[in-house]
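Under the working numbering, the residues of the sequence shown are numbered 14 to 138, in order.
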Amino acid sequence: DYATISLSDRLKPWGVIAERLTAAASADLVLALYNPGSKSRTWQVAKARDLLLEHRSPDTPVVLARDVGGPTESVRTVRLADVDPAEVDMRTLLIVGSSQTRWVRRGDSGADRSIVWTPRRYPEA
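Written out as structure tokens, the structure reads:
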């Protein structure tokens, strides 16, 4: 299960976005965050990261996928605590893992060859 949330506050107030982020994070959903920032909207990514850190481990994997399918495509994975708003723009999609998301780092050539996945099964309570 996952939730898709726009971080743009152009058509809805930030309070609505923050409530949605909090609800999805507390429900332990994987999150796909789009419209994360622009030249005129620079604080939303940091605020979203801080809200998510109230419900997620700092080690939660976050995939930063920029210009996917385009000529300057880049995909890399960082810890939630290490999300740098300066690295995020309007062409970036952030995929934030849940408590069950796994991250395997591969290769030491400097290229990010990480594999990130969330199992469909949840452990028995």
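Glycine included, each C-beta is placed from N, C-alpha and C at the ideal position. Remember, predicted model here, so these are calculated numbers, not experimental data.
1. Report the option in Pro-74, Asp-80 and Ser-112 whose CA atom is closest to the CA atom of Ala-94.
2. By alpha-carbon positions, which one of Val-109, Val-58 and Pro-26 ends up nearest to Ala-99?
3. Report yes if the CB atom of Asp-14 is closer than 8 Å to the CB atom of Leu-34, and no otherwise.
4. In the structure shown, what three-state DSSP assignment does Ala-59 receive?
5. Buried or exposed for Thr-105, please, with buried defined as at least 16 other CB atoms from any protein chain shown within 10 angstroms of its CB.
6. Under a Cβ-count criterion, where at least 16 other Cβ atoms within 10 Å of its own Cβ denotes burial, should Leu-20 be classed as buried or exposed?
7. How about Thr-2 and Ser-111: are their beta carbons less than 8 Å apart?
8. State the Cα-Cα distance for the pair Ile-128 and Lys-60, rounded to the nearest angstrom.
9. Could you have a look at Val-29 and say whether DSSP puts it in helix, strand or coil?
10. Mapping DSSP to helix, strand and coil, what is Pro-74?
11. Of all the beta strand (DSSP E) runs that stay within the bounds of the segment 94-120, which reach a length of 3 or more residues?
12. On the three-state DSSP scale, how would you describe Thr-17?
According to the data block:
1. Pro-74
2. Val-58
3. no
4. helix
5. buried
6. buried
7. Past the boundaries of the shown model lies residue 2; the chain is included only from 14 to 138, so the question cannot be answered.
8. 27 Å
9. helix
10. strand
11. The segment 94-120 contains these whole beta strand (DSSP E) runs: 105-109 and 115-117.
12. strand
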